[in-house]
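Q: Residue numbers (our numbering): -3 to 150.
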């Protein structure tokens, strides 16, 4: 049996009562002053093996690339696989059910998107929300206008 290596531990205090200490094997402590900095250090190498572009903001992670041919489709799938490998190596839990695949174009798309993450198909979407802005597949702002309190940047 291997030796257990802990990353950090914590206990909860309510009034004078202190809970039992719990060991956490991955992640960073939330609500601490150093939490945001520790999170950035923890995920700092997430992009290292990717050929596609990546954008990170808090708990959003977007991998994208311009698709010109089948080779680009294959490369994007390879990068999705690499992200999954990175998550396993770093003990990060990612919920594939919260992921979306979307193609931004005004052209007629013939084939459906078929990207896989951890043996689960990433559902195709006609729009997605990123940092409070709704991005539509056809590059229109229609869904942004429909959003309660929606606004449009043009």
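Glycine residues also receive a C-beta, built at the ideal position from the N, C-alpha and C atoms.
For residue 38, which three-state DSSP category applies?
A: By 1-based counting over the chain shown, the position of residue 38 is 42. Residue state, collapsed to three classes: helix.
Q: Pop quiz: residue 99 and residue 72 are said to be a contact at Cβ under 8 Å. What is the actual Cβ separation, rounded to whole angstroms?
A: Counting from 1 along the chain shown, the entry for residue 99 is found at position 103. Counting from 1 along the chain shown, the entry for residue 72 is found at position 76. 11 Å between Cβ atoms; not a contact.
Q: For residue 139, which residues from the same chain have a beta carbon less than 6 Å from its beta carbon, with the 5 sequence-adjacent residues on both sides left out?
A: Here residue 139 corresponds to residue number 143 of the chain shown, with the count starting at 1. Here the set comprises 123, 130, 132.
Q: Can you say whether residue 75 is buried or exposed, counting buried as having 16 or more other CB atoms within 10 angstroms of its CB?
A: As a first step, residue 75 is located in the chain shown; it is residue number 79 there, counting from the start. Residue 75 comes out buried.
Q: Go ahead and pull the three-state DSSP assignment for residue 44.
A: By 1-based counting over the chain shown, the position of residue 44 is 48. DSSP places residue 44 in coil when its eight states are reduced to three.
Q: Identify the continuous beta strand (DSSP E) that holds residue 49 and give its terminal residues.
A: Numbered from 1 along the chain shown, position 53 holds the residue referred to as residue 49. Here the beta strand (DSSP E) through residue 49 covers 49 to 53.
Q: With H, G and I counted as helix, E and B as strand and the rest as coil, what does DSSP make of residue 104?
A: Within the chain shown, residue 104 is the residue found at index 108, counting from 1. Of the three classes helix, strand and coil, the one that applies to residue 104 here is coil, per DSSP.
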